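> Below you will find the structure I want to go over with you.
Number of protein chains: 2
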Amino acid sequence: MKELQERIVQDGKVLSESVLKVDAFLNHQVDPQLTMKIGERFAQLFADEKITKVLTIEASGIHFALATAVALGVPFVYAKKKKAVTLSEEVYSAPVHSFTRQETYQISVSKQYLSPDDRVLIVDDFLATGAALIGLTQIIKDANAHLVGIGAVIEKSFQEGRGLLEQAGVRIESLARIASMSPEGIQFIQAESVRV
Amino acid sequence: MKELQERIVQDGKVLSESVLKVDAFLNHQVDPQLTMKIGERFAQLFADEKITKVLTIEASGIHFALATAVALGVPFVYAKKKKAVTLSEEVYSAPVHSFTRQETYQISVSKQYLSPDDRVLIVDDFLATGAALIGLTQIIKDANAHLVGIGAVIEKSFQEGRGLLEQAGVRIESLARIASMSPEGIQFIQAESVRV
Numbered sequence: 001m002k003e004l005q006e007r008i009v010q011d012g013k014v015l016s017e018s019v020l021k022v023d024a025f026l027n028h029q030v031d032p033q034l035t036m037k038i039g040e041r042f043a044q045l046f047a048d049e050k051i052t053k054v055l056t057i058e059a060s061g062i063h064f065a066l067a068t069a070v071a072l073g074v075p076f077v078y079a080k081k082k083k084a085v086t087l088s089e090e091v092y093s094a095p096v097h098s099f100t101r102q103e104t105y106q107i108s109v110s111k112q113y114l115s116p117d118d119r120v121l122i123v124d125d126f127l128a129t130g131a132a133l134i135g136l137t138q139i140i141k142d143a144n145a146h147l148v149g150i151g152a153v154i155e156k157s158f159q160e161g162r163g164l165l166e167q168a169g170v171r172i173e174s175l176a177r178i179a180s181m182s183p184e185g186i187q188f189i190q191a192e193s194v195r196v
Numbered sequence: 001m002k003e004l005q006e007r008i009v010q011d012g013k014v015l016s017e018s019v020l021k022v023d024a025f026l027n028h029q030v031d032p033q034l035t036m037k038i039g040e041r042f043a044q045l046f047a048d049e050k051i052t053k054v055l056t057i058e059a060s061g062i063h064f065a066l067a068t069a070v071a072l073g074v075p076f077v078y079a080k081k082k083k084a085v086t087l088s089e090e091v092y093s094a095p096v097h098s099f100t101r102q103e104t105y106q107i108s109v110s111k112q113y114l115s116p117d118d119r120v121l122i123v124d125d126f127l128a129t130g131a132a133l134i135g136l137t138q139i140i141k142d143a144n145a146h147l148v149g150i151g152a153v154i155e156k157s158f159q160e161g162r163g164l165l166e167q168a169g170v171r172i173e174s175l176a177r178i179a180s181m182s183p184e185g186i187q188f189i190q191a192e193s194v195r196v
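Here you go:
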């Protein structure tokens with residue numbers, strides 16, 4: 001998505017070879033028009049998939065999930081992050097290891113909101129290690145729902161997330177794929193849509 | 001907002017005289033069309049206020065902030081919740097006491113995204129004790145920005161939040177004001193717009 005890539009170059013800040021700050025327009029201060037376009041693009045890419053539900057994880061996936069759900073005309077659900085203590089039989093849950101914070105937390109979705117009839121599109125702001133997204137795929141599996149694919153706004157293609165998810169046969173659409181980056185510049189992989 | 005009140009009656013669950021569960025359509029599974037209408041309604045109510053920014057708090061305010069920001073054509077910012085350890089000079093922050101969890105956490109907004117030129121509308125899903133909203137008003141004050149008012153999707157009018165904020169001279173617009181509730185039913189205050 002050209003507009004997104006240009007915006008990343010213009011307003012993103014590369015803090016190191018692995019850390020990209022986009023909090024000026026994507027995940028702290030948010031550009032609503034760009035967010036809605038991102039949702040429309042995900043809806044377009046997965047238009048043939050008869051999606052019944054969009055799934056994301058709090059907090060920074062929520063606005064992209066809303067934008068996508070508006071474009072698709074289906075509800076969205078956001079998984080809650082909880083410490084591992086609050087497990088319940090009423091939820092599907094999965095552990096997620098955060099490499100930045102070096103801690104494992106639990107994500108959960110109420111059993112009421114995912115069913116075997118659902119065809120689910122996952123969306124999130126970043127695909128990097130894939131940890132949170134793999135947790136979400138686990139929840140969809142536990143619900144016996146059908147995972148249609150993953151829409152990631154930004155992919156750090158130099159990290160292992162895409163590889164791990166592709167091994168599991170998951171279709172991934174990332175709107176900006178970063179091959180490498182440094183404070184001097186960002187190299188994008190230009191092909192926006194790659195089917196597994 | 002009639003559609004919202006009807007939906008609360010239809011899909012909300014009153015668990016006690018103070019706990020209302022709306023996770024079927026507002027804050028876990030989310031109805032995107034209703035969310036966008038809520039945003040349009042806030043934009044309408046504050047149309048004359050020359051708003052430059054919408055402010056909310058992660059996680060359950062984010063989709064309402066996006067919907068409102070789309071309708072107003074301005075960016076939104078969501079305050080991050082952090083444990084009190086991670087204070088920094090780069091952020092405006094305020095303590096918020098959670099009565100349900102009996103803990104105090106820190107909310108913060110990067111100094112880059114609020115300025116004295118900003119005319120800010122706060123939106124959130126619930127106005128109850130007002131704790132989180134008062135924290136947000138404190139942050140706006142610290143930034144020397146102008147607080148235009150607060151848009152709350154649901155107000156528990158029997159709790160102290162509105163009173164505390166009104167004492168501070170804050171304009172509040174709540175789309176569903178609950179006078180009282182029990183598992184047998186919900187009583188709404190019908191006047192949607194009350195100016196202080």
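Protein sequence lines, in the order shown, are assigned to chains A and B.
First residue of the first sequence: 1, per UniProt numbering; consecutive thereafter.
First residue of the second sequence: 1, per UniProt numbering; consecutive thereafter.
Glycine residues also receive a C-beta, built at the ideal position from the N, C-alpha and C atoms.
Computed from a prediction, not measured in an experiment: that's the story for all the values here.
Go ahead and pull the three-state DSSP assignment for E17/A.
By one-based count along the first sequence, residue 17/A stands at place 17. Residue state, collapsed to three classes: coil.
> I need the DSSP call for residue 197/A, collapsed to helix, strand or coil.
The requested residue 197/A does not occur in the structure, where chain A is confined to residues 1 to 196.
> Tell me the DSSP bridge mates of K156/B?
On the second sequence, residue 156/B is found 156 positions in, with the first residue counted as 1. K156/B pairs with I178/B.
> Comparing C-alpha positions only, which one of S180/A, A143/A, T137/A and Q167/A sits nearest to I154/A?
Position 154 of the first sequence, counted from the start, is the residue given in the question as residue 154/A. When only C-alpha atoms are compared, the closest one is S180/A.
> Suppose you measure from the CA of E90/A to the CA of D23/B; what does that come to, to the nearest Å?
Taking the first residue of the first sequence as position 1, residue 90/A is located at position 90. Taking the first residue of the second sequence as position 1, residue 23/B is located at position 23. The straight-line gap from Cα to Cα measures roughly 13 Å.
> Kindly indicate which residue of L147/B, P183/B and S182/B has the alpha-carbon position closest to the one of K53/B.
Working through the second sequence from its first residue, we reach residue 53/B at position 53. Minimum Cα distance to K53/B is reached at L147/B.
> Using a threshold of 7 Å, state whether the C-beta atoms of L4/B and L165/B are closer than that.
The residue labelled residue 4/B in the question sits at position 4 within the second sequence. The residue labelled residue 165/B in the question sits at position 165 within the second sequence. Their beta carbons are not under 7 Å apart, which means L4/B does not touch L165/B by this criterion.
> Would you call the CB atoms of G161/B and G135/B closer than 7 Å?
As a working note, residue 161/B is residue 161 in the second sequence. As a working note, residue 135/B is residue 135 in the second sequence. Result no, Cβ atoms of G161/B and G135/B do not sit closer than 7 Å.
> Which residue from F188/A, V70/A and H28/A puts its Cα closest to that of V77/B?
Mapped onto the second sequence, residue 77/B falls at position 77. Closest option to V77/B, Cα to Cα, is H28/A.
> I need the straight-line Cα distance from K111/B to I186/A, nearest angstrom please.
One-based indexing of the second sequence puts residue 111/B at position 111. One-based indexing of the first sequence puts residue 186/A at position 186. Cα to Cα, K111/B sits roughly 26 Å from I186/A.
> Per DSSP, Y92/A is paired with what?
Translated into positions along the first sequence, residue 92/A becomes position 92. For Y92/A, which the question treats as bridged, DSSP gives the partners V109/A.
> Is the beta carbon of I150/B closer than 7 Å to that of L55/B?
Translated into the one-based positions of the second sequence, residue 55/B becomes position 55. Translated into the one-based positions of the second sequence, residue 150/B becomes position 150. Cβ atoms of L55/B and I150/B: not closer than 7 Å.
> Taking the beta carbon of residue 247/A as the centre, do at least 16 other beta carbons fall within 10 Å, making it buried, or is it exposed?
Lying outside 1 to 196, the shown extent of chain A, residue 247/A is not represented and no answer is given.
> Using a C-beta to C-beta distance shorter than 8 Å, which residues of chain A count as neighbours of I38/B?
Walking along the second sequence from the start, residue 38/B turns up at place 38. Ordered by position in chain A, no residue passes the 8 Å Cβ test against I38/B, which lies about 11 Å from the chain.
> Ignore the nearest five residues each way along the sequence and tell me which others in I62/B's own chain have a CB closer than 7 Å to its CB.
What you label residue 62/B is simply residue 62 of the second sequence in a count that begins at 1. Answer for I62/B: T56 and Y78, listed in chain order.
> By Cβ distance below 8 Å, which residues in the same chain neighbour V109/B in space, the five residues on each side in sequence not counted?
Mapped onto the second sequence, residue 109/B falls at position 109. L55, V77, A79, K80, V91, Y92, S93, I139 and A143, listed in sequence order.
> At 3 residues or longer, what runs of the beta strand (DSSP E) sit wholly inside the segment 29 to 77 of chain B?
53 to 57
> Using the Cβ count rule (16 or more neighbours within 10 Å means buried), how would you classify E173/A?
The residue you call residue 173/A lines up with position 173 of the first sequence. So E173/A ends up on the buried side.
> So what's V120/A in DSSP terms, helix, strand or just coil?
The residue labelled residue 120/A in the question sits at position 120 within the first sequence. Note: V120/A maps to strand in three-state DSSP.
> So, under 8 Å CB-CB, L45/B and L66/A are touching, yes? Tell me the CB distance rounded to an integer number of Å.
What you label residue 45/B is simply residue 45 of the second sequence in a count that begins at 1. What you label residue 66/A is simply residue 66 of the first sequence in a count that begins at 1. No, L45/B and L66/A are not in contact; Cβ-Cβ is about 20 Å, not under 8 Å.
> Please report the distance separating the alpha-carbon of K156/B from that of A69/B.
The residue you call residue 156/B lines up with position 156 of the second sequence. The residue you call residue 69/B lines up with position 69 of the second sequence. Looking at the two C-alpha atoms, the distance is approximately 24 Å.
> Which residues of chain A have a Cβ atom closer than 8 Å to the Cβ of Y78/B, listed in chain order?
Here the question's residue 78/B lines up with position 78 in the second sequence. Under the 8 Å cutoff, chain A gives H28, V30 and A59.
> Could you name the residues of chain B that S110/A contacts, counting a contact when the two beta carbons are closer than 7 Å?
The residue given as residue 110/A occupies position 110 in the first sequence. Here the neighbours are D23 and H28.
> Strictly below 7 Å CB to CB, what residues from chain A border I62/B?
Within the second sequence, the letter at position 62 stands for residue 62/B. Near I62/B (Cβ distances below 7 Å), the residues of chain A are A59, I62 and H63.
> Measure the beta-carbon distance from D125/B to F64/B and round it to whole angstroms, keeping in mind my assumption that it falls under 8 Å.
Taking the first residue of the second sequence as position 1, residue 125/B is located at position 125. Taking the first residue of the second sequence as position 1, residue 64/B is located at position 64. Indeed, because the Cβ distance is near 6 Å, the residues count as touching under 8 Å.
> One question on the structure: do A128/A and Q159/A come within less than 7 Å of each other, judged by their Cβ atoms?
Counting from 1 along the first sequence, the entry for residue 128/A is found at position 128. Counting from 1 along the first sequence, the entry for residue 159/A is found at position 159. In this structure, Q159/A lies closer than 7 Å to A128/A by Cβ.
> Using a Cβ cut-off of 7 Å (strictly closer), state whether Y113/B contacts chain A.
Residue 113/B sits at position 113 when you count from the first residue of the second sequence. Judged by the 7 Å Cβ criterion, Y113/B is in contact with chain A.
> Considering Cα atoms alone, identify which of A71/B, E49/B, K21/B and V14/B is closest to T35/B.
To locate residue 35/B, count along the second sequence from 1; it is residue 35. It is A71/B.
> Hey, does V170/B have any beta-carbon neighbour from chain A nearer than 7 Å?
Counting from one through the second sequence, the residue named residue 170/B turns up at place 170. No, no contact with chain A.
> Buried or exposed for V30/A, please, with buried defined as at least 16 other CB atoms from any protein chain shown within 10 angstroms of its CB.
Along the first sequence, read from residue 1 onward, the residue named residue 30/A stands at position 30. Buried is the call here.
> Please state whether the Cβ-Cβ distance between K2/B and K13/B is less than 7 Å.
Within the second sequence, the letter at position 2 stands for residue 2/B. Within the second sequence, the letter at position 13 stands for residue 13/B. The answer is no: Cβ separation not under 7 Å.
> Taking 7 Å as the CB-CB cut-off, is P75/A touching chain B?
One-based indexing of the first sequence puts residue 75/A at position 75. At least one chain B Cβ lies under 7 Å of P75/A.
> Tell me the DSSP secondary structure of Q102/B in three-state form.
Start at 1 with the first residue of the second sequence, and residue 102/B comes out as number 102. Annotated three-state conformation of Q102/B is coil, per DSSP.
> In chain order, what residues of the same chain have a beta carbon less than 6 Å from the beta carbon of T104/B, not counting five sequence neighbours either side?
Taking the first residue of the second sequence as 1, we reach residue 104/B at position 104. The answer, listed in chain order, is P95 and H97.
> Alpha carbon to alpha carbon, how far is V120/A from D11/B?
For this step, residue 120/A is matched to residue 120 along the first sequence. For this step, residue 11/B is matched to residue 11 along the second sequence. For V120/A and D11/B, the distance between alpha carbons rounds to 22 Å.
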